[in-house]
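Peer 1:
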Amino acid sequence: MRPILLKGHERPLTFLKYNRDGDLLFSCAKDHTPTVWYAHNGERLGTYRGHNGAVWCCDVSRDTTRLITGSADQSVKLWDCETGVQLHSFNFDSPARAVSFAEGDKLVVITTDPFMEQQSAIHVKNIEGDRSKQNSDSVLTITGPQGRINRVLWGPLNKTLISAGEDGTIRIWDAETGKCLKESDPDTGHQKVITSMSKSADGSHFITGSHDKSAKLWDTRTLTLLKTYVTERPVNAAAISPLLDHVVIGGGQEASQVTMSDRRAGKFEAKFFHKIFEEEIGGVKGHFGPINALAFNPDGRSFVSGGEDGYVRLHHFDADYFHIKM
Amino acid sequence: MADVAVAPEAPHRLMTPDVMEPPRINLNIDWSQVDLDSVVLPPGEDCGIKSDDEEEEEEVLETDTGFGNVIVVDNLPIVAIEKFDKLEGVIRKIFGQIGVICEDGLWMPKDENGKTKGYAFIEYNTPQEAQTAREQTNGYKLDRSHVFVVNMFDDFDKYMKVPDEWVPPESKPYTPGENLLAWLTDERGRDQFVVRFGAETEVYWNDARQGKPDPVYHRTFWTESFVQWSPLGTYLATIHRQGAAVWGGEKTFNRLMRYIHPQVKLIDFSPGEKFMVTYSSHEPSNPRDTQRVTLNVFDVRSGKVLREFKGSADDFATGGTGGVAGVSWPVFRWGGGREDKYFARIGKNAISVYETETMGLLDKKSLKVDNVLDFSWSPTEPLLSLFVPEGGGGNQPARVSLVSIPSREELRQKNLFSVSDCKMYWQSSGEYLAVKVDRYTKTKKSTYTGFELFRIKERDIPIEVLELENKNDKIVAFAWEPKGHRFAIIHGDGPRPDITFYSMRSPNNVGRVTKLTTLKGKQANALYWSPIGRFCVLAGLKAYNGQLEFYNVDELETMATAEHFMATDVDWDPTGRFVSTSVTSVHQMENGFNIWSFNGKLLYRLSRDRFFQFLWRPRPPTLLTAEDEMEIAKNLRKYSKKYEVEDAEANIAMSTQDIEHHRKLIDEWKDWLSQWKNLYEEEAEQRMELRDGEPSDEEEDYEAEEVEVEEIINIEEEVVGYGFEQVD
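Chains as they are written, first to last, in the UniProt record's numbering: chain G, 1 to 326; chain F, 1 to 728.
(1) Residue 320 of chain G: which of G:294, G:281 and G:285 sits nearest, CA to CA?
(2) Taking only beta-carbon atoms, is residue 700 of chain F less than 8 Å away from chain G?
(3) Going by C-alpha to C-alpha distance, which of F:298, F:467 and F:420 sits closest to residue 434 of chain F?
(4) Can you list, in chain order, the residues of its chain whose CB lies under 6 Å from that of residue 91 of chain G, leaving out five sequence neighbours each side?
(5) Please classify residue 79 of chain G as buried or exposed, where buried requires at least 16 neighbouring CB atoms within 10 angstroms.
(6) Taking 7 Å as the cut-off, is the beta-carbon of residue 542 of chain F closer than that to any non-hydrogen atom of the ligand FAD?
(7) Counting only C-beta atoms, is residue 273 of chain G closer than 8 Å to chain F at any point?
(8) Would you grab the beta carbon distance between residue 250 of chain G and residue 237 of chain G for me? Rounded to a whole angstrom, and I think it's under 8 Å.
(9) Roughly how many angstroms lie between the CA atoms of residue 234 of chain G and residue 584 of chain F, to the nearest whole one?
(10) Any C-beta of chain F sitting closer than 8 Å to the C-beta of residue 214 of chain G?
(11) Counting only C-beta atoms, is residue 710 of chain F closer than 8 Å to chain G at any point?
(12) Give me the Cα-Cα distance between residue 135 of chain G and residue 126 of chain G, rounded to the nearest whole angstrom.
(13) What does residue 156 of chain G touch in chain F if you count any residue whose Cβ is under 7 Å from its own?
(14) Can you check the UniProt domain "RRM" (69-155) of chain F for any beta strand (DSSP E) of at least 3 residues that lies completely inside it and give the ranges in chain order?
(15) Determine the closest residue to residue 539 of chain F out of F:713, F:572, F:676 and F:514, with distance taken between C-alpha atoms.
(16) Output needed for residue 520 of chain F: all residues of its chain with C-beta closer than 6 Å, excluding positions within five of it in sequence on either side, in chain order.
(17) From the DSSP output, read off the bridge partner residues of residue 70 of chain G.
(18) Taking only beta-carbon positions, decide if residue 174 of chain G is within less than 8 Å of chain F.
(19) Since residue 120 of chain F and residue 76 of chain F are thought to touch, with beta carbons under 8 Å apart, how far apart are those beta carbons, to the nearest angstrom?
(20) Hey, is residue 276 of chain G's beta-carbon within less than 8 Å of any beta-carbon in chain F?
(21) Check whether the Cβ atoms of residue 449 of chain F and residue 436 of chain F lie closer than 8 Å to each other.
(22) What span of residues does the alpha helix (DSSP H) with residue 637 of chain F cover, start to end?
(23) Less than 8 Å between CB atoms is the rule here; does residue 232 of chain G satisfy it with respect to chain F?
(24) Which of helix, strand or coil does DSSP assign to residue 629 of chain F?
(25) Out of F:382, F:391 and F:380, state which residue places its alpha-carbon closest to the alpha-carbon of residue 370 of chain F.
(26) CA-CA distance, residue 641 of chain F and residue 629 of chain F?
(27) With the cut-off set at 8 Å, would you say residue 120 of chain G and residue 148 of chain G are in Cβ contact?
(28) Within 8 Å, do at least three Cβ pairs link the segment 151-162 of chain F to the segment 95-105 of chain F?
(29) What does residue 607 of chain F reach in chain G if we use C-beta pairs closer than 8 Å?
(30) Residue 140 of chain F: which of F:185, F:114, F:122 and F:74 sits nearest, CA to CA?
(31) Give the secondary structure of residue 179 of chain G by DSSP, where H, G and I count as helix, E and B as strand, and everything else as coil.
(32) Mapping DSSP to helix, strand and coil, what is residue 415 of chain F?
(33) In chain order, what residues of the segment 77-106 of chain G put their CB closer than 7 Å to some CB of chain F?
(34) Going by DSSP, which residues form a beta bridge with residue 424 of chain F?
(35) DSSP three-state label for residue 213 of chain F, please.
(36) Tell me, please, whether the CB atom of residue 686 of chain F is closer than 8 Å to any CB atom in chain G?
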């Protein structure tokens, strides 16, 4: 499996997202320009210029017409995917951390960091089909959890919101009223900051990665802990394969420690685990900094990893991968 | 008066050394050393009981009576009412110097005639002050007939409970002890090890067949500093503030004995595990004084103190004048093999050898050796080797000599010139002694190293000199083959040293040392021989990041090379079948251990944060004679067959177990998934609505598309003959 190196970012990667068809890959980095690539050969298709700070997260609509990006410049911008034209900018008083389109792409959820006097918050906004009607009014605002909310997702039928962040607790909120419905168990849940969260293809379960050196699999409806995957390093990114019962987990030693130890100490590997058996299958090496982002192609035949080293590595699986026996 | 007069005597009664008492009573043992009637203590003197105060203070603070700051003064003059004020003034003066007496804190009871009763209660502001007052004024001489006896009020209850009549301690009925050697009867002949990480201490079986450790016993906060196996593996010792304790037994680790020694820092077992030496040092109250050192020799089985050594740290520092400062552990080195007959320590110009039978100096005097710097025992017999450096400004040569105990006869001596340092290495069965000698070159600017090899068991103890081929080489490590005739040296000047193996008895050259082979340019700085010899792990620790090479010395070939990144420790199991490598908490990351087979195959690994110790449980020596062992080695095939069958069976059992387990997990998962699917389908309508009627979830996007796929299966090139080759 020879990776394709996508060298287009000047700063550490923060987030990677395939569109639904799996032909395009969107990448966000601490440099200010989200970039779109051809997923099959890694050719750069274009960039979205306009942000003035690190871009933390993005999401793309089901029909790949709209891209939404959240940035540390205290704005969330809505783009026309094809032309790269900025359609709208939601402005906040603190950096935006996570964004996610709802089913049907008529709603978007945005989280903002605690900043100056501001508490961290979850905002739900309308997305209008007609550009001229687009406004910045919030449908719902939720505050409460301490610290950054690093990731947010929609639950089934847009009825709930799932958030996770610095306090290590996963919460399910009612998307109508903003009431907290469930919290993850502090004993079995993550012990340190949760850095990533991503859904399975059918939305039935989701995986979270945490600095407590583990990744955990949860039931989207009941917030029951299904599986735990233990690694040797803080986890920054985790993703679920849509094709096989595999999950991939990435991370590594804290970036500030990298220069102080041997390169082998870092463990900048993307580790594959069997989703059901919780057993390690293998690892993909290559990055020379911690892995910050991971994503599976919706067809399950390739995956990408983005690292603190500024590279995106696009891997197409070898035939052997599909015949791993456990 | 009569009611309190008991007090000073009470501590004497408590001092029955064969009763194991909780540590609180311990104070009284020290206390009793002060003969209350005769000792006059000037204020400020602590009469040697200082050492335990810190402990006691803590406990005083915890008392619930609330009288921790009250002292009782006895033996006051009995005075009439007229002189009462005067006496009160005197007492106030004496006791007011030490601390602040509370308001109304001085209370002298009077009888009906107004006479005092000869005792007083004094309440201080703090328990600490009361403690100090007790220490400083107990035994204070007011005049010839009035010597104060001062006690803590809280202690009175305790003293009052001492019965007036001495009752002989009840002898407990004999209960048969547990089988302490039960772990040796493991059906599969597995070995145990103990690991310590975080606050946990865990004992495991090393189950190589299952590729994972099998837990035996686990306990949180078992020890306060470290754990240690006794040399034959019978006991596991733990260290606590109050002393040491040993644990062992058949199934679980029960406490077998406690050894009271407050603030114990280090312990050491005798090779036959009959005795235990404990060590503690105490910071002096005056910073200019040297540290006080206490050593106790315990009987392991009864827990009795057999001998106590006390002194300043200097007295126990090794080496004569110019020796290294500080105490080097173990202070006492055990000699005479497993019989535990002698122990010795080095002093200034002397080596003190003690007999365990009497716990006294052998022949009541030390072995006088001027300027002796180092000594060591033969591991099997009472034989001392000692090193004396050059003396008299270079006029007297340095020397190494062998002295037999108890006869004190010098069996062999070797004079050495321009020596800078010497190190002695005994072979495990006491057959050979290697002395590494660092000598100055002629210019005295640098040193080079050679070896003096003593053949102890041969007549007249012949000595052979071994010099390295390259004189500039530094010796990185030296190690004898256990039970064997070979040794290995790591030597070199650069970052990749060489390793050389020598034999004291190669088949064609019996009486002389022969070089077997040299391995050039290895990343190694430590040698670990298998306890049964033959195999050796060449390890590159620290700067080499944990390089490992498993070497077969019989065949002179490398069996495997491996790496345990950042490894700090390498240990063979006592049978020589497995090797453990561990990364301890000196590193922040990678903490944990790996288990390897003797030939370098990684069997399993376990990572644990804050990993402190990995220790194999030692085994007592085999009961088989050398002939028996030979016999087994000859018929090994017959014996091993049984185990091979067992292995195969276990393998099958395990794989079926694994499959079973996997199947169960898959079933659970499918159950869960089907539940979800039902809900998901129920919601399909609503989902469609959310998407403005865009149809189903999966299939709608698939357009039929015909794609031609061309796959090259194989390319073969063939030379096709034209059919007119020469036919002979």
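Glycine is no exception: its CB is placed at the ideal position from the N, C-alpha and C atoms. Bear in mind the structure is a predicted one, so any value in this text is a computation, not a measurement.
Peer 2: Let's see:
(1) Residue G:281 is the option with its Cα nearest to residue 320 of chain G.
(2) With a pLDDT of 48 at residue 700 of chain F, under the threshold of 50, the modelled position of that residue is not reliable, and no figure is offered here.
(3) Of all alpha-carbon atoms in F:298, F:467 and F:420, the one lying nearest the alpha-carbon of residue 434 of chain F is that of F:467.
(4) So the qualifying residues of the chain are 75.
(5) Taking all protein chains in view, the Cβ of residue 79 of chain G is crowded by 16 or more other Cβ atoms within 10 Å, so the residue is classified as buried.
(6) Questions concerning the ligand FAD fall outside what the structure shown contains, since it holds no ligand whatsoever.
(7) Using beta-carbon distances, residue 273 of chain G does not count as an interface residue toward chain F, since no partner is under 8 Å.
(8) Rounded, the Cβ-Cβ distance is 5 Å, consistent with contact.
(9) If I take the Cα positions, the gap works out to 20 Å.
(10) Not one chain F Cβ lies under 8 Å of residue 214 of chain G.
(11) The beta carbon of residue 710 of chain F sits no closer than 8 Å to any beta carbon of chain G.
(12) Each residue's Cα considered, the two are about 8 Å apart.
(13) 683, listed in chain order.
(14) With a minimum length of 3 residues, the continuous beta strand (DSSP E) runs that stay inside the UniProt domain "RRM" (69-155) of chain F are 70-74, 101-107, 120-124, 141-143 and 149-152.
(15) Of the listed residues, the one whose Cα sits closest to residue 539 of chain F is F:572.
(16) The residues are 498.
(17) Partner(s): G:57 and G:76.
(18) Under the Cβ criterion of 8 Å, residue 174 of chain G is not counted among the residues facing chain F.
(19) That pair is a contact at about 6 Å.
(20) Yes, its Cβ sits closer than 8 Å to a Cβ of chain F.
(21) In contact: residue 449 of chain F and residue 436 of chain F (Cβ atoms closer than 8 Å).
(22) Residue 637 of chain F -> alpha helix (DSSP H) spans 636-682.
(23) For residue 232 of chain G, a Cβ of chain F is located within less than 8 Å of the residue's own Cβ.
(24) Reduced to three states, the DSSP call for residue 629 of chain F is helix.
(25) Closest in C-alpha terms to residue 370 of chain F, from the list F:382, F:391 and F:380, comes F:391.
(26) Each residue's alpha carbon lies about 18 Å from the other.
(27) In this structure, residue 120 of chain G lies near residue 148 of chain G, with their beta-carbon atoms less than 8 Å apart.
(28) Between the segment 95-105 of chain F and the segment 151-162 of chain F, the count of Cβ pairs shorter than 8 Å is below three; the stretches do not touch.
(29) Near residue 607 of chain F (Cβ distances below 8 Å), the residues of chain G are 232.
(30) Nearest C-alpha to residue 140 of chain F: F:74.
(31) Three-state result, residue 179 of chain G: coil.
(32) Three-state DSSP puts residue 415 of chain F in a strand.
(33) Taking 7 Å as the cut-off between beta carbons, the residues of the segment 77-106 of chain G near chain F are 103 and 104, in sequence order.
(34) Residue 424 of chain F is bridged to F:435.
(35) The answer is strand: DSSP assigns residue 213 of chain F an E or B state.
(36) Chain G, which has a Cβ nearer than 8 Å to the Cβ of residue 686 of chain F, makes this yes.
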